[in-house]
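A short write-up of the structure that comes next.
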Amino acid sequence: MAVKDLVDRYESSLSASSPVPGPSRPTSSQSIPRSSSRSKVEKDDSIPHTILPPPHPLMKKTITTPHDPSRQLTIDIADQGRSNKNIPKSTHEDRSSLSGIGKQFEPPSPSYKSDQYPLMDSDSDTLVSAPSSKEKSSLIQRHNAKQVAVPHTPIAATALFARKAAPLHLPRLDKYLSSLPPPDFLQDDSKWDKTSMFPPMDRLSLTGMSLDDLETNSKVPASWRERKTIFGSAVGIVLGVTGSSALATYYSLQGLTNTVQIFALILNTIVPVKGSEVLSEWRQLFLGTIPNIIALNFASTLIQSLVYLIIFFAISSGLLYYFFRSALGCDRYTCIEGLQQTVQEGKRWALLVVTFILTVVYLPLSTMAVHVLVWSEDLWAVANPYTNATSFPSVVASLGPADEYRDPLDFCWTTTMKKNEINFAPVVVVLAAIVVLSLTIWFPIALRSVIKHSVPKVDRYTGLGRLRNSVDLDGEYHRLLSRDQNPFAFLYSGYRHGWGTYQSTYLFAKFSTLVIIAVIDPNNCLFRSFSRSTIPIVRQVLLLISTIGFFLAQCIFAPFLDPVNNASEWTSRLNYVATATIALLVVLDIPGQNIYNVYLLYIIYIITYGLSIYFTTINLGPVRRMIKRLARRIDFSIDIFSPRLDLSPLSPHTKRRIWQESITALLLTSPECRIPTKQRMVYAQARDSEFPPYLLNFYGTPAERHAENLKILREIGSHKYNKASALLSGPDYEWFRRLESQIQKHFIGPDCYWKSPSESKPEAVGCANFFGNAWWIPFPPILVLRYDSGSYAVLQEVAELEAYISQNSSHSIRRRRHVRLSLRALDGQVVKWPYEHITPIGSQSPLSWGRRRYTTQSSTHYDYCVLRIKHRGHLAWQGLQLGSGFDIRLVYSKKLDLDGSVIGLDDDFDLTSPLARFFMLNSQLISSRLAYIESTLASYRRHHRRECHRKSETLTYRFLSHVYDHPREPSGLTASSIELEKDQRVRVLMSGSEEVFSAAYTRFSAVSVNETSTWWYIFWDDLWRRNHDTISGLELHAADFNPSYPTSIAYTPLPRAALETFLNQRGLLSKSPRWGDFFHSGFLNKLYLRLNETVFRGSSRAILFHIGQDHSELDMEDVDLDTLVQPSTLGTGGGTDHDNSSIRARPAYRWEGLLSDPVLSGCRRRNFLAKLGAWMGVTPLWRSGVPSPGLSLDVRMENGRYVLLDDGSSFGSSHVDGMKLDNL
């Protein structure tokens, strides 16, 4: 049964009833009113009112919904304050004008104080005034006095919304919903095919890609093809053995070494490798052999240790060298200077594998190196003389003749006990020291730096141009990681925003454990002379303190992105603490070793392995969806039940989900306009957002430009974007265009100069001089100059740009620029500059404190050298390096490298006498290359000037504010767009897509008729986006739920009985509640409670709330204001991601928490186990902060269902002049 048939059937059942509140249904002779002003309820149920069909209000450019003069609001009320609960007179006048209702239809407005809001009664379309605070207090007292005679206990929200709750019966709401006319596209004579999707969503569906895929021109590969999963699968086999905290991703692969290697070191303190204390072969196998094999901890003899050290050092040296060379250009942001793409193509598998191998061998190789430095027992040339010694120090028999053998205890740092044999220990110690310095110390530091420069940058604003909050930043960061193909992504993809470098930090934690285990040992040359009973105790105490420190760090910081990963790591760290504790008990020889050193140790093993397998399994994608089905959880991307949700006629949520999504889909799916397959959407942008992004390697398609516009919007926000867009169409545009043209023609590229009038010294801006490499970003118009020292200067004010042109046009700056150009022409050339190099020759006296006493001098004469310019930045154009940085070096020989002061060069590039002589000696070489330099610079400037012009011609920057952000009638939109755009492809697309614009505008108008329709659409649209892949009934009946279809329920608000029938017919709701139902009576109670608020807010039919045990009656907005002190997450203003159904962990939104908090008396405290469900992977949500006292509602049970209290409590009535409580 279709939605329209359900409505008709339900209306027929109500035909004998009195006319309903709200707009009356039109007769056959009446046209269907399509007013998008908020529908008003009627004054008298017996007197229907006919409202003339007005022009659509969305033709207005702006709409304001003010509260009072002290609380003025804009359309974006999502996270700024309470919505328009009661609207003042000025607003109703505006609404009337918007809806086309003339003043003759406007009811008389009462007078009211400036701090009051007029109300709309459910029984009347008359505007009534709100009571003052004194009147409101009096009404509450009268109501409370009446409650003494008729006591009533409010119903807790948790009981009303429980799965088996009785239904909430709201007959007046049902009547109102049944009176709403269906959308135009559901009429029998509609031109829209009811079996097909609206255009262009049908074309988007055929591509099999999401809008995010098309915008980024990339698709997230399937898990079995994604290289993170490949590495993760290799680790997954070892997870059950190691007790690792990692999962099937790259960072989980590091869990192999994070857990096994440290675990092997701790176990070695319990079970010595040589097994003299082993109780059984099986125990040795599981507690000693297997962990050491997995940890590559083979060192047990002198020969093995030396061989493995040399082999691993040779391999690691090569890998470290490759890592050093390859990682230099891995800064995805600052390595791009100017507007040229310098990011290396390809997935760079080699760098990924090398980094992974270095991370894996870090602990084994460092272990052997440290053992060599302390010369542990494995390297002793004799058997351990302290093992069975009965005295201390040990008395050992001589090895042979004293002139042939060393003393029997003189075995430290020697590979032989014979005096006449070569001792290789110094060589091995030097190699070990190099390993410790290069791998153990340098590699984690270098890795941290590389990760820091590789972590993706999160745009500060949403797709609506609104500033993101911390939760939005984490969600966007998670989304970026899913598409990140950086070779180092496996190192940081598992950690929260701001904690990407945690993996490199953990390497130092490994090293600290290594030092404790390997160094504080009686069986090495550092501590062999100390007490053999004291040293093991000290070592285990320090190890226990270290593991406790790591455990507490995990508890405090919780660096992982997913709570399941944090719980897994918490379990692993707790395992380390327990194992270290047992090891300490063994060393202290505490009685009962057979219990805690056998049974308890195996119990720890079983728990660790079991939890590791559980955490690995529970966080897999299919398992997470299965858990969601088992929990019957319905997810939302916004706080859907919050009264703060913007339900205005131009709600950003409906605009984003309908109009903007249609425009984006149209451009990205058009064969003529879409992004080329080979285009990698790479942007030149600054990590700290010093300047806006710029699309590199532009292919010339309108879809590229649209994606770039969206990227700019997310980076700078809607306010700055609209301001810059107005500049390009304002009266000063021609003057500004000439300014821009002059800069692009002459003053971009290297050797540009800028000295801010407010800064007189170069040190103030962090540079040696004021020269650098400049480039122009066309939108917003900004000049960026990177000084030779690396700091940035960003010029965007007109006065600054004029001063910039003036400075670079001055004679002195042009002369200094010519000096730089002349030196640039000699870069890499053999130049003539005679130089006499004097080398003092002498000896150093022991009493000279490091100073030499010179006796003679050696003089070497040079005539020629190679001049080189060292650049800080990288910008290559036609083989010429144009990057910032201008460090002159004169290379006479491999050992003689001098700076520019030799030729008289100073920081200001003045033409000094020595420098003039240098130019004269090399004038011919300068003349032959200067023309090439100047032509290359001119070509560079010409290319980017043309590219900027080509971008604006392909798709204007005003398209975003003129079309994308401005829903309107297709006819006017097409004409104005053709006039605005110059590209023929865009003109043809706009003129031939009137059906697309008509569909989008029709949908947008249909859901913007009133707050009820707006909220209903947002609810079902978000429910479809977030749950269609887990609720099979939604996919099975996609035409009934997917808002891309005209027949979707999202366009037709249904009374409760009709909705229950609708869901029942599609197998989503059972008459007798079943365990697997996603929809249930309590969920529908919550749905219709929020709908009732949209219709009867501020009237006698509104449902009032109580906070905790407080008797004060509050509506939803009052509750929201009174609970603002509770630290919870607002989720009403960010719009939504395009069709993103992924399950991401996040704190519960404000009203998700409020409606689920139980009503309890007494002081509420933070629940430290609130995240237990998220830790165990059974839910992605958790309650943050201190829970609220709970909510209860003014409803009562009657005939097996909840109903309102006798007409409810009211702070207003149908009459303007009578502030009376109605039937309390």
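Under this note's numbering, the final residue of the sequence shown carries the number 2232; numbering is consecutive throughout.
All C-beta atoms, glycine included, are put in the ideal place defined by N, C-alpha and C.
Delimiting residues of the beta strand (DSSP E) encompassing Gly1757: For Gly1757, the enclosing beta strand (DSSP E) has its first and last residue at Gly1757 to Tyr1761.
Tell me which same chain residues have a C-beta within less than 6 Å of the C-beta of Thr1058, skipping the five on either side of it? Only weak support is given to the placement of Thr1058: the predicted model assigns it a pLDDT of 33, under 50, and the question is left unresolved by the model.
Own chain residues within Cβ distance below 7 Å of Arg1637, not counting five before or after: Excluding sequence neighbours, Arg1637 sits near Thr2038.
Roughly how many angstroms lie between the CA atoms of Gly1780 and Gly1887, to the nearest whole one? Going by the C-alpha atoms only, they are around 19 Å apart.
Kindly give me the distance between the Cβ atoms of Pro1660 and Leu1472, rounded to whole angstroms, as I take these residues to be in contact under 8 Å. Yes, they are in contact, since the Cβ atoms of Pro1660 and Leu1472 sit about 5 Å apart, within 8 Å.
In the DSSP assignment, find the unbroken alpha helix (DSSP H) run with Asp1182 in it and report its ends. Taken as a continuous stretch (DSSP letters only), the alpha helix (DSSP H) holding Asp1182 covers Pro1179 to Ser1187.
From this set, Ile1524, Tyr1872 and Ala1410, which residue's C-alpha is nearest Leu1906's C-alpha? Of Ile1524, Tyr1872 and Ala1410, the residue nearest in Cα terms is Tyr1872.
Cβ-based neighbour list, Gly1508, same chain, cut-off 6 Å, excluding 5 preceding and 5 following: So the list reads Ile1459, Val1463 and Tyr1500, once near-sequence residues are dropped.
Exposed unless 16 or more other CB atoms sit within 10 angstroms - verdict on Asp1647: Asp1647 is buried by the Cβ-count criterion.
Between which two residues does the alpha helix (DSSP H) containing Asp2128 stretch? From DSSP, the alpha helix (DSSP H) with Asp2128 extends over Met2124 to Asp2130.
Going by DSSP in three states, Thr2055 sits in which element: helix, strand or coil? In the three-state scheme derived from DSSP, where H, G and I count as helix and E and B as strand, Thr2055 is classed as coil.
Rounded C-alpha distance that separates Leu1904 from Leu1439: Inter-residue distance for Leu1904 and Leu1439 is about 30 Å (C-alpha atoms, whole angstroms).
Reducing DSSP to helix, strand and coil, say where Asp2029 ends up. In the three-state DSSP reduction, Asp2029 falls in the helix class (H, G or I).
Gln2250 classed as buried or exposed, judged by whether at least 16 other C-beta atoms fall within 10 angstroms: With the chain represented from 1009 up to 2232, any question about residue 2250 goes unanswered, as that position is not in the structure.
Pull the bridge partners of Lys1840 from the DSSP assignment, please. Lys1840 has Tyr1872 as its beta-bridge partners, per DSSP.
Could you tell me the boundaries of the alpha helix (DSSP H) in which Ile2115 lies? From DSSP, Ile2115 is part of no alpha helix (DSSP H) but of the beta strand (DSSP E) over Phe2113 to Ile2115.
Near Glu1711, which residues of its chain fall below 6 Å by C-beta distance, leaving aside the five closest residues on each side in sequence? Reading off the sequence, residue 1711 comes out as Ala, not Glu. Listed in chain order, the non-local C-beta contacts of Ala1711 below 6 Å within the same chain comprise Leu1675, Leu1676, Cys1681, Arg1682 and Ile1683, local neighbours out to five positions each way being set aside.
Per DSSP, what kind of secondary structure is Met986 in: helix, strand or coil? For residue 986 there is no data in the structure shown, the boundaries of the chain being 1009 and 2232.
Rounded to a whole number of angstroms, what is the C-alpha to C-alpha distance between Asp957 and Arg1949? One cannot answer for residue 957 here, as it falls past the ends of the chain, which runs 1009 to 2232.
Between the stretch 1168-1179 and the stretch 2086-2099, can you find at least three pairs of beta-carbon atoms closer than 8 Å? The stretch 2086-2099 makes contact with the stretch 1168-1179; the number of CB pairs closer than 8 Å reaches 3 or more.
contact_flag[the stretch 1193-1205, the stretch 2054-2072] where n(CB pairs < 8 Å) is 3 or more: Contact between the stretch 1193-1205 and the stretch 2054-2072 is present, with at least three C-beta pairs closer than 8 Å.
Give me whichever residues DSSP pairs with His1845 in a beta bridge. For His1845, which the question treats as bridged, DSSP gives the partners Thr1868.
C-alpha gap between Ser1226 and Arg1665, whole angstroms: Going from the Cα of Ser1226 to the Cα of Arg1665 covers about 22 Å.
Assuming Asp1895 is part of the beta strand (DSSP E), what are its boundary residues? Per DSSP, the continuous beta strand (DSSP E) segment holding Asp1895 begins and ends at Asp1895 to Val1899.
What residue does the beta strand (DSSP E) around Ile1785 start on, and which one ends it? Looking at the DSSP string, the run of the beta strand (DSSP E) that includes Ile1785 is Phe1779 to Ile1785.
Can you have a look at Ala2110 and say buried or exposed, based on whether 16 or more other CB atoms are within 10 angstroms of its CB? Ala2110 should be labelled buried.
Quick one: Cα of His2088 to Cα of Met1634, how far? Cα-Cα distance, rounded: 19 Å.
Under 8 Å between C-beta atoms of Arg1640 and Phe2086: A distance below 8 Å separates the beta carbons of Arg1640 and Phe2086.
Taking the alpha carbon of Asp1221 as the reference point, which residue from Ala1377, Pro1452, Val1403 and Asp1492 has its own alpha carbon closest? Between Asp1221 and the set Ala1377, Pro1452, Val1403 and Asp1492, the nearest pair of CA atoms involves Asp1492.
Should Leu2044 go down as buried or exposed, given a rule of 16 or more other Cβ atoms within 10 Å for buried? Counting of Cβ neighbours within 10 angstroms places Leu2044 among the exposed residues, the total staying below 16.
Check the C-beta distance from Gln1348 over to Leu1883 and give it rounded, since I have them as a contact under 8 Å. About 6 Å; that satisfies the 8 Å criterion.
The stretch 1590-1607 touching the stretch 1570-1581, judged by at least three CB pairs closer than 8 Å: The stretch 1570-1581 and the stretch 1590-1607 do not touch, with fewer than three beta-carbon pairs separated by less than 8 Å.
Helix, strand or coil: how does DSSP classify Thr2212 here? According to the sequence displayed, residue 2212 carries Leu and not Thr. Judged by DSSP in its simplified three-state form, Leu2212 adopts strand.
Who are the near neighbours of Lys1199 in its chain, counting only those whose CB is closer than 6 Å to its CB and skipping five residues on each side? Counting only Cβ-Cβ distances below 6 Å, and skipping sequence neighbours, we find nothing.
Leaving out the 5 sequence neighbours to the left and right, which residues in its chain are closer than 6 Å to Ala1157 when beta-carbon positions are compared? Caution applies to Ala1157, whose pLDDT of 42 falls short of 50 and renders its modelled position unreliable; the value that the coordinates give is listed next. For Ala1157, where only same-chain residues beyond five positions count, there are no Cβ hits under 6 Å.
For Val1910, does the three-state DSSP call read helix, strand or coil? Assigned with DSSP and collapsed to three states, Val1910 falls in helix.
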